[in-house]
Amino acid sequence: MIKERLCVLISGRGSNLLSIIKSCREKDFPAKVKLIVSNNPDAYGLRYAKQYKIPFKVITKNFENTLLKQLQKNNIEILCLAGFMKVLSKNFVDSFFNMILNIHPSLLPKYKGLNTHRRALKNKEKFSGCTVHRVDEKLDSGDIILQSKVKITKNETEASLENKILKKEWALYPRAIKKYCKEIKRYYWKIGGTA
Ligand code: GRF
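Per my numbering, the very first residue in the sequence shown carries number 49; after that it's consecutive.
Next up, the structure:
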């Protein structure tokens with residue numbers, strides 16, 4: 049089975065990175081993590097790169113140009129943003145043929161940006177959740193690939209909602225990658241290429 053080559057971008061804890069690494073180790077999963085990149089040298093998630101012996105890079109200067117070179121060098125096909133706290137420029141998104149995914153802790157298009165749980169609670173929402181979407185040049189706004197919903201209970205706090213949604217994220221991101229890989233293959237066949 050040919051597996052798509054992923055790079056995961058992180059800035060911090062890396063719990064979504066870990067769930068992606070674990071899924072990619074399954075025999076029938078259509079992708080493999082080939083590179084991990086962080087813009088933060090202290091990102092906790094970098095220890096998963098070491099633990100699973102996956103090549104990683106910390107890029108603190110000239111971020112987009114250096115990243116692009118790394119992606120080309122490692123033949124990366126899909127870029128997954130997982131808790132990556134930097135907005136990528138339109139130029140960068142275009143140069144990587146829009147093959148970029150992100151996970152966001154809300155039911156987009158609601159609550160783009162930061163403090164999603166606080167805002168959902170303040171607005172007395174009955175449900176919240178998480179979204180995996182394609183990345184375009186605007187913040188949290190590309191095509192939606194998959195969403196997962198949770199119920200907001202009576203005594204919900206920001207912390208309890210964050211925990212509940214994070215657990216859903218761990219299952220959602222690998223499912224979305226799988227779906228996206230299928231879509232890419234279908235597209236390649238349509239345009240007469242090989243995948
Ligand atoms: C997640 O809630 C993700 O949706 C958001 O940032 C958080 C990252 O968590 N974009 P982790 O670093 O994957 O643990």
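All C-beta atoms, glycine included, are put in the ideal place defined by N, C-alpha and C.
Check: So, for residue 99: in the same chain, excluding its five sequence neighbours on each side, which residues have a beta-carbon less than 7 Å away from its beta-carbon?; Outcome: none
Check: Taking the alpha-carbon of residue 74 as reference, which of 232, 161, 233, 226 has the nearest alpha-carbon?; Outcome: 226
Check: Measuring straight from C-alpha to C-alpha, what distance separates residue 192 and residue 149?; Outcome: 10 Å
Check: Span of the alpha helix (DSSP H) holding residue 112?; Outcome: 111-121
Check: Can at least three beta-carbon pairs, one atom from the stretch 159-178 and one from the stretch 113-129, be found at a separation below 8 Å?; Outcome: no
Check: On the DSSP letters alone, give me the boundaries of the alpha helix (DSSP H) that residue 69 sits inside.; Outcome: 63-72
Check: Applying the criterion that 16 or more other CB atoms from any shown protein chain within 10 Å of the CB defines a buried residue, is residue 176 buried or exposed?; Outcome: buried
Check: Tell me whether residue 55 counts as near the ligand GRF, meaning its Cβ is closer than 7 Å to at least one heavy atom of that ligand.; Outcome: no
Check: Taking the C-alpha atoms as reference points, what is the distance between residue 187 and residue 49?; Outcome: 34 Å
Check: Which residues bound the beta strand (DSSP E) around residue 106?; Outcome: 104-106
Check: According to DSSP, which residues form a beta bridge with residue 181?; Outcome: 150, 192
Check: Smallest Cα separation from residue 180: which of 173, 197, 170, 111?; Outcome: 197
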